[in-house]
Structure formats: C-alpha cells, structure tokens
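Chains as they are written, first to last, in my numbering: chain A, 64 to 299; chain B, 64 to 299. For each residue, glycine too, the CB sits at the ideal point set by N, CA and C. Just below is one structure, and these are the notes that go with it.
Number of protein chains: 2
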Amino acid sequence: MSAAQPHVAILDDEPEIRRMLSDALEEAGFRTTSYGRATEFEAALKRTAPDVCLVDLGLPDRDGLALVHRLALESGAAIIIISGRAQVQDRVTGLELGADDYIIKPFDPAEVVARIRARLRKHRADAGPAAQIAHFAGWRAYFDRYILVDAAGTETPFSHAEGEVLRLFLDAPNRLISRAQMQESLGGAAGESFDRAMDVRISRLRTKLGEDPKNPRLIKTIYGAGYIFLGEVRWA
Amino acid sequence: MSAAQPHVAILDDEPEIRRMLSDALEEAGFRTTSYGRATEFEAALKRTAPDVCLVDLGLPDRDGLALVHRLALESGAAIIIISGRAQVQDRVTGLELGADDYIIKPFDPAEVVARIRARLRKHRADAGPAAQIAHFAGWRAYFDRYILVDAAGTETPFSHAEGEVLRLFLDAPNRLISRAQMQESLGGAAGESFDRAMDVRISRLRTKLGEDPKNPRLIKTIYGAGYIFLGEVRWA
DNA sequence: GTTGCCTTGTAAGAATTCGTAAGAATTTGG
DNA sequence: CCAAATTCTTACGAATTCTTACAAGGCAAC
Chain A
64 MSAAQPHVAI LDDEPEIRRM LSDALEEAGF RTTSYGRATE FEAALKRTAP DVCLVDLGLP
124 DRDGLALVHR LALESGAAII IISGRAQVQD RVTGLELGAD DYIIKPFDPA EVVARIRARL
184 RKHRADAGPA AQIAHFAGWR AYFDRYILVD AAGTETPFSH AEGEVLRLFL DAPNRLISRA
244 QMQESLGGAA GESFDRAMDV RISRLRTKLG EDPKNPRLIK TIYGAGYIFL GEVRWA
Chain B
64 MSAAQPHVAI LDDEPEIRRM LSDALEEAGF RTTSYGRATE FEAALKRTAP DVCLVDLGLP
124 DRDGLALVHR LALESGAAII IISGRAQVQD RVTGLELGAD DYIIKPFDPA EVVARIRARL
184 RKHRADAGPA AQIAHFAGWR AYFDRYILVD AAGTETPFSH AEGEVLRLFL DAPNRLISRA
244 QMQESLGGAA GESFDRAMDV RISRLRTKLG EDPKNPRLIK TIYGAGYIFL GEVRWA
C-alpha cells in the first residue's frame, strides 16, 4: 500500500461521474487517476499499481465483468464495482468474480469514500492492528500494552479492570458519566455486582494517575451523579 | 482464520432473520452461531473468535454502533452491519466506525453470502500461503524446523505444542486472545483437558523467549481475560 | 528389547488480581 | 452546625494464574 496518499483509479465512461468521483476522493485525501476506456485503464495498470480500482460495468469497449475478474486475479488492489444494474443477481456475480464491493448508481460520493476507507483500513489492519494510545494531561496510556507512561517516561502497569474504566473516561472526556452507565458498559449484566466495586476500581486508577485525593484534577466525583474526566484527550 | 469452515457469528434480535441467515450461510458452507442479545454475543466472543460478525444495529439491549466500534478495535473479524436504516449518513457512520460492509434490510441472503465471501477472500489472499518463518522482536521463528533464533544467532529448539501457541500469537499480535479461544484453536475438544496445561505451555514458551517473569515484554497476561502478544510481526 | 532423552500433562504451592466489607471522609440538606 | 446519604480507602479473602517438580508416554540409538 502506498504511504500517505492511497491511489484510487477510476474507470467510467461518463466524464461527469469521473469528475464527481475524483473531486470527492481528492477532497478526502486520495490521489486519483481517471480513465474513460478499458484499454487506457489497462495500459495504465502496467505502469502503476493503484490501491483501489473503481470500475463501472457499463463500458463501451470491453466486458466489465471480465475485466473485474482479471483485475481480481492479477492486481492486488481492492476492486469496487459501480454499476447501474441493481439486481441482486448482478451484485452476486460481481462479487463472486472477485470484486470487493458493489455500489449501485446513483450513488452518494460520501458513501463511496467511506467504503474505500473501509477497504483500505482492513488492508492495513491485517498488517498490524493500530496501536491504541491515548495522550492526556502529560500521560500516555498504551491500551495494548497495559501501561501508563508519565511525562518523565516512567511506566506504570495497569490491570484490565482499571483499563476498562480508563478507556470509558477517555472515550468521553469532560462529560458526566453516571454510575449506572459505567456498570452497564463494564459490568455487562445489570445490577449484579456491588456498587463499591466500581469505586474501588476508580480509586485504584486514581492512585496510579497520582491524583491528590483531596483535590483530584483528572477524575472528578460529582456527588450523587457520577464522575467526570477532565482534560483534553488525543487518540493516536 | 479457521480452517475449512469459516465461522460466522450472527447478532439479530429477530429469530426469523437469524434463522434465514444461518440457513443460507450453512448451506453455503459456513459454520454459524446466532445470538439475540448483545450481552450473549459479547460473552460468546470471549470463548471463540469468529471470522465474520453479522450485526443488526437495531438491538434492544445495547447501542449497536458502539458495539461495532468496539468489535472493530478488539476483534480481528470482518464486521458486516445489517440494518433497516437506509440513509446514506447511517451507512457512512457505520463504515467509519469500523464496519467492513453495510447491508440494508430487506436483504437477499444470496447477497449476504456473496459479500461475506468477498471479505474472506480478500482476507485470505492477504494472509497468503501459510508462511513458515516469522520475525519479531529480534527473534526469528522457523516453524518448519522448530527452531527459534535470537538476534545473536543462537538457536533454541521448540516443541510442537509450543509452536502451536507461538503461531497463534504471531497470527494475531497485539490482540487479546482469551484462554477459551486458545483451547478452541488448539486443544480441539472443548473443556476436557485441564486448564493448567495451557498455562504450562505458555510458561515454557516464555522461558524460551527469555521473558522476565515479573515483567514480560512479549507475552502479557491479562488477568481474567486472556493473553496478548506484543510486538510487530513480519512473516516471510 | 532396553536405555536415555525429550515432550507433555498433572499436581501443588506461590503470586497476582479483583471483589467485598467495614470504617473513615466528604457532601448535601435542613 | 448536625444528621443522613454518598463516596473513599484500607484490609482481607476468593478466584485466577505462574512456576516448579514429577510422572507418563513417545522416539531414537544402541
């Protein structure tokens, strides 16, 4: 896969549609090349290897499905069919022949972008799942390694239970989280375990974050309502 | 990925739809498990790792999109949303949150099958033919010769049982693997053999990898949840 | 066939994690 | 300022997991 700007190749015989797609895709941060005929397209494939191919089936100069089939076998790119043929049978055969997705005309460019992103994301994820790291208030939380790192670089391990609470906070900073919400998000089954278990989890988490019990700066208690995590959080 | 029969997990609150999907999928050669509630589904995920998850967004007991998001981060499975909400915006957010595909109700089972196949096909193609050599954290593991080689070139043999565990880890690095999942992937028969056998395998593997028991850097224990293998893995 | 080495599972004691209980501290309302 | 409710923290115990030790089984060399 190309580095920063994934390359999307567009094959459609209608210039308007090519234009619409390339505009939307470039705005979304992709590099695009467009072709109106299958022969041009195939010639270009010999020079460059796009990450994604958007192929319209209704081509004047070649059978679209055959082209898709060849692409699927020979190219490593993700192949997305765009077609006016909306029958289920069309979609099934397109997918069976090797397409990775099938979008029906008329389409919304936003959905095309989202589907392309989904394909690329999975591609990348297979190489190695993105590390889940959160930065906040001088801390870094590595959820895959279960450690906290402070500004000085000191590592502090945290347990799974503590990590669940921390993740909940970091996913919704500066927002009140009621005790009931926590129970539901974490404990799973409702109302079983003792309320105090949650307190203890939070208490232990606060200790590891070096909070002053008298004056917590990160995890604040809202008496009678719940908790709130203060600070700016950046996920990487 | 599981061997011959890929495993598809179905989460939908309507029994009729579950039935229709599982029938179609099993006829197509998949193994299926069905769940009507998110809690059941999540509990099952701790025991087994499906290859594909079909998730209905209209769940009674949990926010479907939040569930999809968590799945995308924590599970290696392909995630396909099935939903009655047909707006483009719904589809875009679903895909942005980590879904690999979005199918609108009412759907044709044949298309669902085709889309699942498309996901699995790409998955497998990326994985390529079973590689025999893995590089990670300065080590090289030669699975065909049952040998570990460290950065200095020193060779350490490992046994078949140890190799099974190691391969499981290297196939899904930086991802939590529950004890139950390991049993299913390795032990074959469910629940018979003593739990401790797995511990001992891991313990021996850790020893060969020169792990510090107090502070393991490669194979981490997540109390009550399972194990996680840390590091970048490259197969050759 | 026997010996010896290697692999694997089982058992038992040690260590870690997490939930519970109980007393202390804090906040709210009057 | 006092009483009641809520929350915090410490200590303890149950459950889970780690490691070491030992025994059973397999395989190769002799």
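Glu159 (chain A) touches chain B at which residues, Cβ-Cβ below 9 Å?
Those within 9 Å of Glu159 (chain A) in chain B are Ala177, Arg180, Ala181.
Taking a contact to mean a Cβ-Cβ separation below 8 Å, would you say Gly161 (chain A) touches Ala135 (chain A) in this structure?
In contact: Gly161 (chain A) and Ala135 (chain A) (Cβ atoms closer than 8 Å).
Measure the C-alpha to C-alpha separation of Tyr98 (chain B) and Arg94 (chain A) and round it to an integer number of angstroms.
Approximately 42 Å between the Cα atoms of the pair.
Consult DSSP for Arg259 (chain B) and reduce its assignment to one of helix, strand or coil.
Arg259 (chain B): helix per DSSP, three-state reduction.
Just to check my reading of the structure: Ile167 (chain A) and Ala149 (chain A) have Cβ atoms closer than 8 Å, yes? What is that Cβ distance to the nearest angstrom?
Right, the Cβ-Cβ distance comes to about 5 Å (below 8 Å), so this counts as a contact.
Along chain B, which residues have their Cβ under 7 Å away from the Cβ of Asp171 (chain A)?
Result: Val151.
Locate the beta strand (DSSP E) running through Lys283 (chain B), then write down its first and last residues.
Segment 282-285, the beta strand (DSSP E) holding Lys283 (chain B).
Taking the C-alpha atoms as reference points, what is the distance between Arg125 (chain B) and Arg110 (chain A)?
If you take the alpha carbons of Arg125 (chain B) and Arg110 (chain A), they lie about 49 Å apart.
Helix, strand or coil for Pro78 (chain B)? Go by DSSP, reduced to three states.
Helix, per DSSP.
Output yes if chain B places a C-beta closer than 8 Å to the C-beta of Ala243 (chain A); else output no.
By this cut-off, Ala243 (chain A) is not an interface position.
In chain order, which beta strand (DSSP E) runs of at least 3 residues are fully inside the region 96-136 of chain A?
Correct list: 115-119.
Note down the Cα distance separating Ile83 (chain B) from Gly147 (chain B), rounded to an integer number of angstroms.
Per the sequence shown, the amino acid found at residue 83 (chain B) is Met instead of Ile. Cα to Cα, the separation comes out at about 16 Å.
Quick check: is the beta carbon of Asp163 (chain B) nearer than 8 Å to any beta carbon in chain A?
Closer than 8 Å to some Cβ of chain A, the Cβ of Asp163 (chain B) qualifies, so yes.
With a 10 Å radius around its C-beta and 16 neighbouring C-beta atoms as the bar for buried, classify Asn237 (chain A) as buried or exposed.
Exposed, by the Cβ-count rule.
Is the beta carbon of Leu117 (chain B) less than 8 Å from the beta carbon of Ile73 (chain B)?
The answer is yes: Cβ separation under 8 Å.
May I ask which residues mark the beginning and end of the beta strand (DSSP E) holding Phe199 (chain A)?
Taken as a continuous stretch (DSSP letters only), the beta strand (DSSP E) holding Phe199 (chain A) covers 196-199.
Who are the near neighbours of Ala253 (chain A) in its chain, counting only those whose CB is closer than 6 Å to its CB and skipping five residues on each side?
Unreliable positioning characterises Ala253 (chain A) in this predicted model, as indicated by a pLDDT of 42, which lies under 50. The coordinate reading is nonetheless provided below. Same-chain partners within the cutoff: there are none.
Within the same chain, show all residues whose beta-carbon is closer than 8 Å to that of Ile291 (chain B), passing over the 5 residues directly before and after it, in chain order.
The residues are Asn237, Arg238, Leu239, Ile240, Ile282, Lys283, Ile285.
Mind checking the region 273-289 of chain B against chain A and listing, in chain order, the residues whose C-beta falls within less than 7 Å of any C-beta there?
So the close ones are Lys283, Ile285, Tyr286, Gly287, Ala288.
What's the C-alpha gap between Gln68 (chain A) and Gly92 (chain A)?
Approximately 6 Å, taken between the alpha carbons.
Leaving out five residues on either side along the sequence, give the residues of the same chain with a beta carbon under 8 Å from the beta carbon of Glu255 (chain A).
Low per-residue confidence applies at Glu255 (chain A): pLDDT is 49, beneath 50, and the placement is therefore not dependable, though the value from the model is reported in the following sentence. Contacts found: none.
Under three-state DSSP, which class holds Ala67 (chain B)?
In the structure shown, Ala67 (chain B) sits in coil (DSSP, three-state: anything other than H, G, I, E or B).
Give the DSSP-derived three-state secondary structure of Glu295 (chain A) in the structure shown.
If DSSP states are grouped into helix, strand and coil, Glu295 (chain A) belongs with coil.
If the cut is a Cβ gap below 8 Å, which residues of chain A does Arg154 (chain B) touch?
The contacting residues are Glu174, Ala177.
Taking Ala87 (chain B) as the reference, give the member of B:Asp76, B:Val176, B:Trp202, B:Gly127 with the closest Cα.
Closest option to Ala87 (chain B), Cα to Cα, is B:Val176.
Any idea if Asp163 (chain A) is buried or exposed, counting beta-carbon neighbours within 10 angstroms, 16 or more meaning buried?
When all chains shown are included, Asp163 (chain A) counts as buried.
Kindly indicate if chain A contains any beta-carbon less than 8 Å away from that of Ala252 (chain B).
At Ala252 (chain B) the pLDDT is 48, less than 50, meaning the model places this residue with poor confidence; the figure from the coordinates comes in the next sentence. Not an interface residue.
Output, in chain order, the set of chain A residues within a Cβ distance shorter than 7 Å of Leu134 (chain B).
Under the 7 Å cutoff, chain A gives no residues; its nearest Cβ is about 12 Å from Leu134 (chain B).
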